[in-house]
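Presented below is the structure to which this report refers.
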Amino acid sequence: MDPQRFDSIAKRLGTRLSRRSALRTGAGVALGAVALSKLTPALAQNPDTGVKDRFISIRSYPYTGPIDAAKSGLKDLVVLMQQQPGFISIDFVDGDDAIYVIATFLDLGTAVEAAKQEDAWIEDHAQAILSGKPEIHSGPVFLRSELHTGCGCNTGVEDSCNSSRLVCCATTAEAGGPGVCLTTATTCPAVDGVTPVSTAVPPTAVPTDTPACTGEGCDCTSGTDGACDAGLCCVGADTPGGRGTCRSDCVSESCTSEGCACTAGTDGACDDGLCCGGADTPGGAGTCTSDCGEPACTSEGCACTAGTDGACDEGLCCGGASGPGGTGACTSDCGDGGCTGEGCECTEGTDGACSGDLVCCGASEPGGAGTCQAACG
72 MDPQRFDSIA KRLGTRLSRR SALRTGAGVA LGAVALSKLT PALAQNPDTG
122 VKDRFISIRS YPYTGPIDAA KSGLKDLVVL MQQQPGFISI DFVDGDDAIY
172 VIATFLDLGT AVEAAKQEDA WIEDHAQAIL SGKPEIHSGP VFLRSELHTG
222 CGCNTGVEDS CNSSRLVCCA TTAEAGGPGV CLTTATTCPA VDGVTPVSTA
272 VPPTAVPTDT PACTGEGCDC TSGTDGACDA GLCCVGADTP GGRGTCRSDC
322 VSESCTSEGC ACTAGTDGAC DDGLCCGGAD TPGGAGTCTS DCGEPACTSE
372 GCACTAGTDG ACDEGLCCGG ASGPGGTGAC TSDCGDGGCT GEGCECTEGT
422 DGACSGDLVC CGASEPGGAG TCQAACG
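Numbering (this note's numbering), first residue to last: 72 to 448.
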């Protein structure tokens, strides 16, 4: 970019930000205080920071020396900034009699902590290059492109950039070597003065339904296997196949589609046609899936878990279990008042609570809940 044009943009940005409440409420003040070494310690990261949040600061340092000297003298500062929590990018721009340092971090907290390290390094190593109090403009990003241009890729891998809108442009003359993701509208630059031939593999003609981004906050397609990382679910879509967002708070969003977290044995845990798979026992954590296997056996004679809803068909009860949660068998011998066989729940002191010679055990007082057993231990 033409230096005069960048200077004009930076000044307009500074004028706009100076009128905004962000500077009055702490962003510019905090970063300015770092430069003066008067900032009190701050958290390295704001507690409400999201993975897609961004905070940018633009520092302007007066400089009239050769840019080659600045390039050599400041390269270790780039390495230092890359090691800071929340680091996204840092760029040094050659302006008119000035160097602009444009840093992007996750949020104000990480930007402030990184600025402390930056100021200390400059004071110890680069006073001849970045001297004096810098002019600072800063603020949170409210709109940006999420196309991952500039990322590394491999020209020998199909769809190495994970997007039909990007192409992997080679950075060496080696076929199948490393490259950089650029937009498909960009002509890949020549390598060592020679235009590479067929080294950048074009993206697949058929886009995948599963986005490469599967972490929290990523876009997803509801009902698609692997749409989100383990422990996350695709929420916000009206129907399977709709667009949603990968979230960890699946319960609060009533996520019941395929791929959502569920609790085995819970009514309505998953949409019709799906079941809660992967749980070892009723009440265990599983995932909604269409691969339900054979229907559960709930007819007479089938194994059952006492005290579990739907363990047996209507008119049957789970008898023979040692107590709620124990294993029994579905039976029609439930007595007139319901399940009265061994392992059935009972009320102490109630006539006919248990059938035959069984007694109601486990209740601390008459009227309390117990279990029908052959003898109380």
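We put the beta carbon where it would ideally sit given N, CA and C, even for glycine.
Note that the coordinates shown come from a computational prediction; the quantities given were computed from them, not determined experimentally.
With a Cβ-Cβ cutoff of 8 angstroms, do residue i and residue j count as a contact?
i: C239; j: G250; result: yes
i: G412; j: G441; result: no
i: T402; j: D384; result: no
i: V122; j: G288; result: yes
i: S328; j: G344; result: no
i: G378; j: G354; result: no
i: R125; j: V212; result: yes
i: L218; j: E189; result: no
i: S128; j: A169; result: no
To which residues of the same chain is residue i closer than 7 angstroms at the C-beta, ignoring the five residues directly before and after it?
i: S160; result: T175
i: G465; result: The displayed coordinates of the chain run from 72 to 448. Any statement about residue 465 would go beyond what the structure contains.
i: L107; result: Here L107 scores only 44 on pLDDT, less than 50, and its place in the model is too uncertain to base an answer on.
i: C346; result: T360, C363
i: T243; result: P249, V262
i: A434; result: E419, A440, G441
i: T255; result: R236, L237, V238
i: A356; result: A332, T334, A350
i: G313; result: S293
i: D296; result: G330
i: S319; result: E287, G302, L303
If residue i and residue j are in contact, beta carbons under 8 angstroms, what's the gap, nearest whole angstrom?
i: G294; j: G330; result: 7 angstroms
i: C291; j: A301; result: Not confirmed; about 13 angstroms, so no contact.
i: G348; j: D380; result: No, G348 and D380 are not in contact; Cβ-Cβ is about 18 angstroms, not under 8 angstroms.
i: Q155; j: A185; result: 4 angstroms
i: D167; j: I138; result: Their Cβ separation, rounded to whole angstroms, is 12 angstroms, which puts D167 and I138 out of contact at 8 angstroms.
i: A374; j: T398; result: 6 angstroms
i: C224; j: S231; result: 4 angstroms
i: C305; j: G286; result: With a Cβ gap of about 12 angstroms, C305 and G286 do not count as contacting.
i: L237; j: L253; result: 7 angstroms
i: C333; j: T358; result: 6 angstroms
i: F163; j: L145; result: 6 angstroms
i: A400; j: G372; result: 6 angstroms
i: A382; j: T376; result: 5 angstroms
Since residue i is in the beta strand (DSSP E), which residue starts that stretch and which ends it?
i: T402; result: 398–402
i: G144; result: Note, G144: premise wrong, no beta strand (DSSP E); alpha helix (DSSP H) at 138–153.
i: D167; result: Taken as a continuous stretch (DSSP letters only), D167 belongs to no beta strand (DSSP E), as it is neither H nor E.
i: P249; result: 249–254
i: S209; result: 206–211
i: S128; result: 126–133
i: T316; result: 314–318
i: N225; result: 223–225
i: Q444; result: 440–444
i: L237; result: 237–241
i: C304; result: 304–306
i: T220; result: Careful: T220 lies outside any beta strand (DSSP E) and carries neither H nor E.
How would you write the range of the alpha helix (DSSP H) that residue i sits in, first residue to last?
i: D190; result: 179–196
I'd like the list of long-range same chain contacts for residue i, defined as Cβ closer than 6 angstroms, with 5 residues on each side in sequence excluded.
i: G386; result: none
i: C417; result: A424, C425, C431, G441, C443
i: G315; result: C291, S293, C305, V306, G307, A308
i: P278; result: Any reading at P278 needs caution, since the residue's pLDDT is 45, under 50, leaving its predicted position unreliable; the model's value is listed next. Closer than 6 angstroms at Cβ, skipping near neighbours: S235.
i: K109; result: Note that K109 scores a pLDDT of 41, beneath 50, so its modelled location is shaky and nothing firm can be said.
i: T120; result: L177, D178
i: N117; result: D178, G180
i: D404; result: G412
i: C341; result: T327, C333, C347, C359
i: C410; result: C388
Among the residues of its own chain, which have a CB less than 8 angstroms from the CB of residue i, if the five just before and after it don't count?
i: A140; result: I200
i: G339; result: T327
i: H196; result: G144, D147, L148
i: C447; result: V430, C432, G433
i: S437; result: Correcting the residue type first, residue 437 is Pro in the shown sequence and not Ser. Cβ neighbours of P437 beyond the five flanking positions: E419, G420.
i: F77; result: Only weak support is given to the placement of F77: the predicted model assigns it a pLDDT of 43, under 50, and the value that follows is read from those uncertain coordinates. Hits under 8 angstroms: V164, G166, Y171.
On the three-pair Cβ rule with 8 angstroms, is the stretch 195–211 touching the stretch 125–144? yes
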